[in-house]
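Chains as they are written, first to last, in the numbering used here: chain A, 442 to 751; chain B, 442 to 751.
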């Protein structure tokens, strides 16, 4: 609780990231006092009550922040969330995603009153019981180790920590996923700043997309009512091909735009599936924002960003 | 190869530990040039060709040592190998066993000619596909994460790294396992330095024991002929109850000694099994030292240590 004892306190790591900015706004609107831990001060100052700049691998600093803020809830979004960067520096990816999470859990467990902690993993994890284990990239390895460590820590130290594994999050805010890049491209193309077609590597690969605002609502549901030690998969009820995504953007802007299919081999050979979400639906969450709405909001945001930066 | 190109080079971490001292002697006798990486210089100076003091979590130093020695083989024994210590400092246990191994693998992969690397895990790991995952202690968590990381790294970076999971290693050299503690107790009791009975918590718990010298021979077999990315379980073909172990010591010294059964609840609720060793037996290894011989050698060593220290 905060100083006057009226609002629960939530500590959000990675608060300046794509999901983090949405999460800060969401939990503040839900009546919580938001302590934002971030690496880029300017992006989360306006949506949080307190803002602390900290790298998640600074163990002592994490402990100090935890002790000073005494949160009721912790939402852990910080980490390296990019497959390509994980190939360039796999050790840094492990340190950010696995070691950083361990430091956070250890700091949470050191409080006299343990906060409820939600660790956000990824649907891109791999099966750790495979023989041999075959992650597709260092990012996948780091996210599965993060999940395993978190659930095991919950079991070993009786810490109310749980794990969410979202699929591809989309929506306003400038993500670096396919939809975010496509929206930014179209905003530039609309203003005549590029004539090159947008490049995709396949039209048929199918993925599961969820609006980031729905995901943040799921995180609140889990922080309030999820089961300690459990893993919750989060997504929407549809798979969409890259071709479907391109069509949805064309529909949102009311005309076709240029793209080219490079027909490269898939980077993630494992096909995505619609996640089983029974346990999460049972505690009251469901995806609410239609895909077309996500795309419209994304385009409006991309145009606004573009006109600000040009 | 070493300077004159005659001997393959093996880098052994944890060289001053119980297994490490045996490993240094074994690989030197097998004609290799031994580079010992250890934390206690005095214990491995006499069994190695080069000795370097280094903590396994010093990333840059590990890289420097790897580049300077250009090993053909790496045997990774360093780490925190004690269940009780893992409860006292679970973060340090993770850093030593998981992060340290990652630094070693990364350093090995950075060489132009990758060495063959054997990571020594533990039979006390847990099932990472359990829902929820339930390691028995932080040590168990760290060893399973170490194993997963090593095999995944081998897959991702095409590094010839493999994993051995030995059961309880026994033999001369002052281990801190049950047999080592029992031998040290008997040596003191024989000299009249204690009248207290030796304490055990159960007589019926059954474990698998392997002579450390057989284990080191298995490590050589695996380094020479094991399959990259694979996991090899190592042990003997018998399970022995604690009661059997006490009887074997009484037989070795020719008379009964005092002990008391505290009948405490077991610390490791999972019963040990005889490991499946088919793939290792297929490439030419088998346990050769009988249990009674291990115990006799252990007692002779404990008496010699005791008379030196008294």
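Ideal Cβ positions, reconstructed from N, Cα and C, are used throughout, including at glycine.
Enclosing beta strand (DSSP E) for residue i [first to last residue]
| i | result |
| --- | --- |
| residue 492 of chain B | 491-494 |
| residue 576 of chain B | No beta strand (DSSP E) contains residue 576 of chain B, which DSSP labels as neither H nor E. |
Bridge partners - residue i, DSSP secondary structure assignment
| i | result |
| --- | --- |
| residue 686 of chain A | DSSP lists no partner for residue 686 of chain A. |
| residue 705 of chain B | Answer by DSSP bridge pairing: none, since residue 705 of chain B is not bridged. |
| residue 640 of chain A | A:701 |
Host alpha helix (DSSP H) of residue i (start-end)
| i | result |
| --- | --- |
| residue 530 of chain A | Note, residue 530 of chain A: premise wrong, no alpha helix (DSSP H); not H, not E. |
| residue 723 of chain B | 719-723 |
| residue 452 of chain A | Not the alpha helix (DSSP H): residue 452 of chain A falls in the beta strand (DSSP E), residues 450-454. |
| residue 474 of chain A | Segment 474-479 is the beta strand (DSSP E) holding residue 474 of chain A; no alpha helix (DSSP H) there. |
| residue 571 of chain A | No alpha helix (DSSP H) holds residue 571 of chain A; DSSP gives it neither H nor E. |
| residue 464 of chain A | 459-470 |
| residue 696 of chain A | Counting along the chain, residue 696 of chain A falls outside any alpha helix (DSSP H), and DSSP gives it neither H nor E. |
| residue 634 of chain A | No alpha helix (DSSP H) holds residue 634 of chain A; DSSP gives it neither H nor E. |
| residue 484 of chain A | 482-485 |
Environment of residue i [buried if 16+ CB atoms lie within 10 Å]
| i | result |
| --- | --- |
| residue 697 of chain B | exposed |
| residue 748 of chain B | exposed |
| residue 563 of chain B | buried |
| residue 512 of chain B | buried |
| residue 394 of chain A | Within the shown structure, residues of chain A are numbered from 442 to 751, placing residue 394 of chain A beyond reach of any answer. |
| residue 489 of chain B | buried |
| residue 525 of chain B | exposed |
| residue 705 of chain B | exposed |
| residue 554 of chain B | exposed |
| residue 587 of chain B | buried |
| residue 462 of chain A | buried |
| residue 572 of chain B | exposed |
| residue 509 of chain B | exposed |
| residue 567 of chain A | buried |
| residue 455 of chain B | buried |
| residue 695 of chain B | exposed |
| residue 717 of chain A | exposed |
| residue 731 of chain B | exposed |
| residue 589 of chain B | buried |
Contact test: residue i Cβ vs the ligand PLP heavy atom, cutoff 7 Å
| i | result |
| --- | --- |
| residue 463 of chain A | Ligands in the displayed structure: none, and consequently the ligand PLP is not present. |
(request) Give, in chain order, every residue of the stretch 652-671 of chain A whose Cβ lies closer than 7 Å to some Cβ of chain B. (result) 670, 671
(request) Mind listing, in chain order, the continuous beta strand (DSSP E) runs of no fewer than 3 residues lying wholly within the stretch 576-623 of chain B? (result) 602-607, 609-611
(request) Note down, one range per segment and in chain order, each alpha helix (DSSP H) of at least 4 residues found wholly within the stretch 496-565 of chain B. (result) 500-510, 524-529, 531-535, 541-550
(message) Going residue by residue through the stretch 642-692 of chain B, where are the continuous beta strand (DSSP E) segments of at least 3 residues, counting only ones entirely within it?
(response) 647-652, 672-675, 680-682
(message) Under 8 Å, CB to CB, which of the residues in the stretch 547-561 of chain A have a partner in chain B?
(response) 547
(request) With 9 Å as the limit, tell me which residues of the stretch 498-527 of chain B have their beta carbon closer than that to any beta carbon of chain A; keep them in chain order. (result) 500
(message) Along the stretch 592-620 of chain A, where does the CB come closer than 9 Å to a CB of chain B? Name the residues.
(response) 592, 593, 594, 595, 596, 597, 598
(request) Below 8 Å between beta carbons is the criterion; list the residues of the stretch 569-581 of chain B that meet it against any residue of chain A, in chain order. (result) 569, 570, 572, 573, 574, 575, 576, 578, 579
(request) Identify each residue in the stretch 529-544 of chain A for which the Cβ-Cβ distance to at least one residue of chain B is less than 9 Å, and report them in chain order. (result) 531, 532, 535, 536, 539, 540, 543, 544
(request) Could you please tell me which residues of the stretch 444-470 of chain A, in chain order, have their CB closer than 8 Å to any CB of chain B? (result) none
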